[in-house]
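Take a look at the structure set out below.
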Amino acid sequence: MREEILSLEEAYQAAYLWLDAFGAPPTSISEPADGVVELRSDALLARVRWSDVPVSQAAVLALLRAAESEAQTLVLFAPSGFTPGARALAETQNVALYRLTPSGAAEPVTKYASSLQPEDLPEPFSEDEGDAEGWEPAPVLLAPEPEPEPEPEPEPEPEPVFVPLDAPADDEPRYCPGCGTPAGRDAAYCVRCGTRLPELEPSPASEAPTPPAAAGPYLRCRTCGSTDVELVRPDG
């Protein structure tokens, strides 16, 4: 035996069969919210709202907001029926409300729904099976979730390069003192005339002698600490 209320999948199947018999097979199917399946065609917008209690007027308002134009026919299916507030709002806004019975039949709830009944109603569901025999519903197409963008990898910090103070520049020219032929940095003799090449001169910083440490007591300015002072006698 069938259950007292259709599941969301069964309600969606019953609504699809009703729309197909009405001559408006859905061209777009989506699931805009939990427990809601939306079926769109060129001139009709239908929703299936599943709930274990009567559907309130909030579902009718949501259907009105989803309409693309005032000329669209608006249909709302619900296996659990509708509250009095939902029926009253649907009557004033020309929204067709249908209660889906356990056998899959669509019972009109509003006057506007009674005027939209198809000439050939779809066959009811089997008493033992929940689905219409020999019919597979169109899949509900959900928008794919966007893939998260990969985080950029941090660029490695450049390693510091230490250059000795007395090292000459790599592009510093070096020539033979005898014939003027260019020579490499590590060459000891000229490749043309055989003259011994002078050694590379160290940088001035490496040639500066280290001043000897001052021995014994010395004069120093008490204010700035400078040793560049002059001894002045009182008599001039």
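Numbering of the sequence shown is given in my numbering, commencing with residue 85 and proceeding in unit increments.
Even for Gly, the Cβ is constructed at its ideal location relative to N, Cα and C.
The model shown is predicted, which means the values in this text are computed figures rather than measured ones.
A direct Cα-Cα distance of roughly 5 angstroms separates residue 112 from residue 124. For residue 197, the enclosing alpha helix (DSSP H) starts and ends at 195-198.
As DSSP reads the structure, residue 266 sits in a beta bridge with 259. At a Cβ-Cβ threshold of 8 angstroms, residue 166 and residue 137 do not count as neighbours. Nearest to residue 270 by alpha-carbon distance, out of 264, 263, 258, is 258.
Boundaries of the alpha helix (DSSP H) harbouring residue 106: 92-106, taken from the DSSP string. Only residues of its own chain outside the window of five on either side were considered, and among them 133 have a CB closer than 6 angstroms to the CB of residue 143, listed in chain order. Only residues of its own chain outside the window of five on either side were considered, and among them 129, 158 have a CB closer than 8 angstroms to the CB of residue 151, listed in chain order. Pairing residue 184 with residue 162 gives a Cβ-Cβ distance under 8 angstroms. According to the DSSP secondary-structure assignment, residue 192 is paired through a beta bridge with 182. With fewer than 16 other CB atoms across the displayed protein chains lying within 10 angstroms of its CB, residue 280 is exposed. Our two residues, residue 235 and residue 243, have alpha carbons roughly 24 angstroms apart in a direct line.
Here residue 175 carries a helix assignment [DSSP, helix/strand/coil]. In this structure, residue 92 lies near residue 121, with their beta-carbon atoms less than 8 angstroms apart. Here residue 139 is buried. Its C-beta has 16 or more other C-beta atoms within 10 Å. Considered as a whole, the stretch 111-156 harbours 112-117, 120-124, 128-133 as its complete beta strand (DSSP E) runs of no fewer than 3 residues, in chain order.
Residue 284 and residue 260 have their alpha carbons spaced roughly 12 angstroms apart.
Contact between residue 179 and residue 147 holds, since their C-beta atoms are separated by about 6 angstroms, short of 8 angstroms. In this structure, DSSP gives residue 170 a helical state, which the three-state scheme calls helix.
Within its own chain, the residues whose Cβ lies closer than 7 angstroms to the Cβ of residue 190, once the five positions on either side in sequence are excluded, are 98, 102, 161, 182, 184, listed in chain order.
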